[in-house]
Amino acid sequence: MAWLLVGTAAAAPPQRIVSLVPGLTESLCVLAACARLVGTDRYSNWPPEVQALPKLGGLDDAQVERIAALKPDLVLAAPSARAVERLQALGLTVIVLHTRSHEDVQHNLRRLGDLLGDAGRAQAAWAAIERQMAEAAARVPPAQRGRSVYFEVESTPYAAGPQSFIGQTLQRLSLHNIVPAVLGPFPKLSPEFVVRAQPQIVIAEDRNLRDMARRPGWAALPALQSQQVCAFPSASYEVLVRPGPRMGEAALQLADCLAGLGKEPR
Amino acid sequence: MTAALRARDLRVALGGTTVLHGVSLELHPGWTAVVGPNGAGKSTLLRALAGLLPRQAGQVWLQGRPIDDWSARQRAQQIAWLAQQGQAGGDLTVRELVELGRLPHLGLFGTPGPQDQRCVEQAMLATECAAWAERPLRQLSGGERQRCLLARALAVRSPVLLLDEPTTHLDPPHQVAVVRLMQALARQGTVASVMHDLPLALQADRVLLMHAGRIVASGAHDDPALHAALTEVFDHAVRIERVGERHIALPNL
Amino acid sequence: MTPPRRGRLLWALLALSALLLLAGLAAGGDGWSPAGLWQLLQGPDAALIVGQIRAPRTLGAWLAGGLLGLAGALAQGLFRNPLADPFLLGSASGASAAVVAVLAAGALGAQGVMPVAGWLSRIGLVAAAFGGALGGVLLTLLLARGAQHTLRLLLAGVVVGVVLSAFSDLITMLVPEALRGRQVFMLGSTGYLGWDSCALLALGLALTLPLAQRLSRVLDALVLGEDSARSLGLALPQLRLLLVCLLAAATGLAVSQAGLVAFVGLAAPHLVRRIAPGAHGYTLLASTGAGAVLLLAADVVARSLIAPQELPVGVLTALFGGIYLLWLLSRQREA
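Residue numbers (this note's numbering), protein chains in the order written: chain A, 1056 to 1321; chain B, 24 to 276; chain C, 453 to 787.
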């Protein structure tokens, strides 16, 4: 089936695209194919023009009928989407892409570029992201480099491990993740582990950070006591946790926060 | 002597159907057996007399006072009621089951005292289940359990005992024992029992014959009018014969 | 024969509790490690790690399990059904719905979508879960028009459960940020139980257990059947209502702190009745102990097995519960 798809792509670039993954929506727009989007999932919200597009549900409840009614010649989905088989059975072309790591984002840009017949723009897009990453890495003050960091994804606590795309970004910023890589991309930690690891920097959404000190034993975290924290409001936090072309922007956000943490002794 | 329990024009409906059509009776001290074909309303009558069913019409008096004037607890101290098909959970021991009979006197918060222990012991002795006092109920047979349930009713020491088919599941020796027990209790209080077993029922002081929700005959155990009514109601499937001083009912084969 | 067994079970539960409470102190980021505990105790972090994190978690699991065990015994007595569990009357679905609502409100408020969502999210998950549990039971009582009839109560509980579950599903569909939080709640966790949580749980247990013991005779009388119980002078509707309230309070308190831990409420009274059956005065107390031991044991394993990651404790209790029921079934087939 895959070679059939490649064949189709070489024949004619898709004109009507449905994207069910926010990161892929953003990638398409970065590749100047925003106008070809006829529908997205409900969570795609960048760039602003896609907000006006028909919202077709999420990964678990994609509205198959509405997607089919839009007559797309390409549907982009993630592996966990339940509608893929259904859409394929209806004769639609569905491409399933992972978005778990930096490599995935790069690969997706390349793949989409090939499909659109514009490989050059894809390369440029990735290069831009790389530049932003390098810029962000440079902006991190030397005093902050090498410090241990805890990036909280969910208040349970779920953390971002080194294997995740967030973890990879943190690595680029010369930060050391308290989560060992062996635990996977987004492990559910025991609260004790975080307290014992005594991260020097804590990064989380602002409303989780607000309540963090109330957790038993967490008030003693030096990072919390000396405000070595990066609290992000919902909108900017969303950029941080979205694997897509705005990863460079996310890296810059993080770097700016780190720069603003001031010079505290290790 | 005033009847312990009196009812006038008692009408009771269950699930929309009228089961008792204006029943009037007086339960005097002694043992009264309530007999009748299936569905005659015998159990319903007993439950209504015990205050367990709402009445559509009519009135019931307990010890001369309307039954609704009594609080639930006072009523429970006056009337002990034994269910027809005794449900008994397996986890309670016999003693714990019989001790429940003291609830009307102790309430929820009282602790059993020596008086209560005595009542429990005597009740168990009277029904011959004292040997299994510490055994859980589920280890007992149907008949043995029936005797323990009867002991529970006896432990209340109430002046009125309303027993719904107390001889079910019992073998003849124990049926006889229960009958003798009821006769003994009837000498000091009021006992009314629904009986399916006509020969045993005819040992009672008085017999109430019910049919289709009404009392069609009532009389002493040797009342000929009662015998005639019995034969009629049971479709001539029984005949009453005199044996010595007592009467017995035989299947009319 | 039976009374000595009852006493022995209680002693066994006490001994197990003491053992597990100690074991819980050794369960942490390195898995289950008494050596690690010893080292910790000698180091500077003892007060923080052991005193502020491990100790209250362990005690909290024990107390929450006790409340669930008590609630389970109450439910099984009230409904005269060995398969009843404390979540039957809408308490679980009510708590879950409230938690989801607060999580969703938090997400929406952060996005600035609904201004009222902001203050709703400040209610806090613990208060929401407790209020939701009570609210769920209240809805059930309203639907059943009081605690008059057991069957109606059960049916109403099922209806409320289904409707509130659907409500939760709808919210998580619309606001997916609430999904993970909901999952964590549904699977149970003792992660953030501090000393204040322990105090609340202990207070709750201290209030509900004696009162339930007092009402144990009602449950005994109910064993005889409704009519017989009434003939003993018991005001059943009011007493049943009181029992339902106790059930709701105990369940609500436990799930608000530890989440919807499955099977503890079902298995604890079951086990007690298999080992040492008796009147409810005993069963309620023993079920409390058994529930405490069960949840604590599951929690210690949950914290140690894949450390430093944690399994949700509800997964383990469901696993143990499932195995136990399978074993029961196999015994039935042989018998």
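Yeah, the Cβ is synthetic: ideal placement off N, Cα and C, and Gly gets one too.
On a predicted model such as this, the values are computed, not experimentally measured, just so you know.
When we look at the beta-carbon of R118 (chain B) and count the other beta-carbons within 10 Å, is it buried (16 or more) or exposed?
Position 95 of the second sequence, counted from the first residue, corresponds to residue 118 (chain B). When all chains shown are included, R118 (chain B) counts as buried.
Could you tell me whether the stretch 61-73 of chain B touches the stretch 29-42 of chain B, where touching means 3 or more Cβ pairs closer than 8 angstroms?
yes
Span of the beta strand (DSSP E) holding P508 (chain C)?
By 1-based counting over the third sequence, the position of residue 508 (chain C) is 56. Per DSSP, P508 (chain C) belongs to no beta strand (DSSP E); it is in the alpha helix (DSSP H), 507-530.
8 angstroms Cβ shell around R125 (chain B) - same chain, five flanking residues per side excluded:
If you number the second sequence from 1, residue 125 (chain B) lands on position 102. So the qualifying residues of the chain are P135, D139, C142, V143, A178, V179.
K1213 (chain A) (DSSP reduced to helix, strand or coil)
For the purposes of this step, residue 1213 (chain A) is identified with residue 158 of the first sequence, where counting begins at 1. Per the sequence shown, the amino acid found at residue 1213 (chain A) is Tyr instead of Lys. In this structure, Y1213 (chain A) counts as strand in the three-state DSSP scheme.
Going by DSSP, what residues sit across from Q82 (chain B) in a beta bridge?
Taking the first residue of the second sequence as 1, we reach residue 82 (chain B) at position 59. Paired residue(s): B:R31.
Could you give the residue range of the beta strand (DSSP E) that holds A1259 (chain A)?
Translated into positions along the first sequence, residue 1259 (chain A) becomes position 204. Residues 1256-1260.
Residues that S1245 (chain A) contacts on chain D, provided the C-beta gap is smaller than 8 angstroms:
Note that chain D does not occur in the displayed structure, where the protein chains are A, B and C.
Could you pull out every residue in the same chain whose Cβ sits closer than 7 angstroms to the Cβ of L492 (chain C), ignoring the five residues on either side in sequence?
Here residue 492 (chain C) refers to the residue found at position 40 of the third sequence. So the qualifying residues of the chain are A498, I501, V502.
Going by the beta-carbon positions, is the gap between F1248 (chain A) and P760 (chain C) smaller than 9 angstroms?
Reading the first sequence from its first residue, position 193 is the one you call residue 1248 (chain A). Reading the third sequence from its first residue, position 308 is the one you call residue 760 (chain C). Going by C-beta atoms, F1248 (chain A) is nearer than 9 angstroms to P760 (chain C).
G558 (chain C) at chain A interface by Cβ criterion, 9 angstroms
On the third sequence, position 106 is the one that residue 558 (chain C) refers to. Yes, contact with chain A.
Does the contact criterion of 3 or more C-beta pairs under 8 angstroms hold for the stretch 1171-1179 of chain A versus the stretch 1146-1160 of chain A?
no
Shorter than 9 angstroms from the beta carbon of V696 (chain C) to some beta carbon of chain B?
Within the third sequence, numbered from 1, the residue matching residue 696 (chain C) stands at position 244. V696 (chain C) does not count as touching chain B.
Listed by chain order, chain C residues near T1211 (chain A) by CB distance under 8 angstroms:
Taking the first sequence and counting its residues from 1, the one referred to as residue 1211 (chain A) is at position 156. Going along chain C in sequence order, the residues near T1211 (chain A) (Cβ under 8 angstroms) are R632, G633, V636, S641, G643.
Through-space distance from A73 (chain B) to A687 (chain C), alpha-carbon basis:
Numbered from its first residue, the third sequence carries residue 687 (chain C) at position 235. Numbered from its first residue, the second sequence carries residue 73 (chain B) at position 50. About 15 angstroms.
Can you pull the DSSP bridge partners for Y1205 (chain A)?
Indexing the first sequence from 1 puts residue 1205 (chain A) at position 150. Bridge partners of Y1205 (chain A): A:V1257.
CA-CA distance, R1321 (chain A) and P1254 (chain A)?
Taking the first sequence and counting its residues from 1, one reaches residue 1321 (chain A) at position 266. Taking the first sequence and counting its residues from 1, one reaches residue 1254 (chain A) at position 199. Its pLDDT being 44, under 50, R1321 (chain A) is placed unreliably by the model, and the measurement read from it follows with that caveat. Roughly 11 angstroms between the two C-alpha positions.
Does the stretch 512-523 of chain C come into contact with the stretch 674-689 of chain C, if we say contact requires no fewer than three beta-carbon pairs (one atom in each stretch) closer than 8 angstroms?
no
First and last residue of the uninterrupted alpha helix (DSSP H) at E188 (chain B)
Numbered from its first residue, the second sequence carries residue 188 (chain B) at position 165. That residue, E188 (chain B), is in no alpha helix (DSSP H); it is neither H nor E in DSSP.
Considering only residues of the same chain and omitting the five flanking positions on each side of L712 (chain C), which have a CB-CB separation below 8 angstroms?
Taking the first residue of the third sequence as 1, we reach residue 712 (chain C) at position 260. Taken in chain order, the residues that qualify are F539, A544, A547, S548, F637, M638, L639, G640, G766.
If we count the other Cβ atoms within 10 Å of its Cβ and call it buried at 16 or more, is W779 (chain C) buried or exposed?
The sequence position of residue 779 (chain C) within the third sequence is 327, counting from 1. So W779 (chain C) counts as exposed.
Listing by chain order, which chain B residues have their CB less than 8 angstroms from the CB of A731 (chain C)?
Residue 731 (chain C) sits at position 279 when you count from the first residue of the third sequence. Residues of chain B passing the Cβ test: D114, L115, T116, E119.
Cβ neighbour criterion (16 or more within 10 Å) applied to E1081 (chain A)
Along the first sequence, one-based indexing puts residue 1081 (chain A) at 26. So E1081 (chain A) ends up on the buried side.
Taking buried to mean at least 16 other C-beta atoms within 10 Å of its own C-beta, is N1335 (chain A) buried or exposed?
A query on residue 1335 (chain A) cannot be resolved here, the shown segment of chain A reaching from 1056 to 1321 and no further.
Span of the alpha helix (DSSP H) holding W490 (chain C)?
The residue given as residue 490 (chain C) occupies position 38 in the third sequence. 486-494 is the extent of the alpha helix (DSSP H) around W490 (chain C).
Checking the sheet assignment: what are the DSSP bridge partners for M233 (chain B)?
As a working mapping, residue 233 (chain B) is identified with position 210 in the second sequence. Paired residue(s): B:I238.
Which residues does DSSP list as the beta-bridge partners of Q790 (chain C)?
This structure gives no information on residue 790 (chain C), because the portion of chain C shown stretches from 453 to 787.
Starting from E264 (chain B), follow the beta strand (DSSP E) in both directions and report where the run begins and ends.
Against the second sequence, residue 264 (chain B) aligns to sequence position 241. Taken as a continuous stretch (DSSP letters only), the beta strand (DSSP E) holding E264 (chain B) covers 261-266.
Quick check: is the beta carbon of V1294 (chain A) nearer than 9 angstroms to any beta carbon in chain C?
Reading the first sequence from its first residue, position 239 is the one you call residue 1294 (chain A). Chain C contact via Cβ: absent.
According to DSSP, simplified to helix, strand and coil, what is V767 (chain C)?
Counting from 1 along the third sequence, the entry for residue 767 (chain C) is found at position 315. Helix, per DSSP.
Could you give the distance in angstroms between the alpha-carbon of G39 (chain B) and the alpha-carbon of D194 (chain B)?
If you number the second sequence from 1, residue 39 (chain B) lands on position 16. If you number the second sequence from 1, residue 194 (chain B) lands on position 171. C-alpha separation (whole angstroms): 37 angstroms.
At a Cβ threshold of 9 angstroms, is S1289 (chain A) touching chain C?
Locating residue 1289 (chain A) in the first sequence gives position 234, counting from the first residue. It does; some Cβ of chain C falls within 9 angstroms.
Would you please verify whether the beta carbon of W104 (chain B) is less than 9 angstroms from any beta carbon of chain C?
Residue mapping note: residue 104 (chain B) aligns to position 81 of the second sequence, counting from 1. It does; some Cβ of chain C falls within 9 angstroms.
L1225 (chain A) and P1212 (chain A): beta carbons closer than 9 angstroms?
Position 170 of the first sequence, counting from 1, holds the residue named residue 1225 (chain A). Position 157 of the first sequence, counting from 1, holds the residue named residue 1212 (chain A). Not closer than 9 angstroms, so no.
Buried versus exposed call for F1206 (chain A) [16 or more other C-beta atoms within 10 Å across all chains shown]:
Here residue 1206 (chain A) refers to the residue found at position 151 of the first sequence. When all chains shown are included, F1206 (chain A) counts as buried.
I need the boundaries of the alpha helix (DSSP H) containing P137 (chain B), first residue and last residue.
In the second sequence, the residue the question calls residue 137 (chain B) occupies position 114. Its alpha helix (DSSP H) spans residues 137-149.
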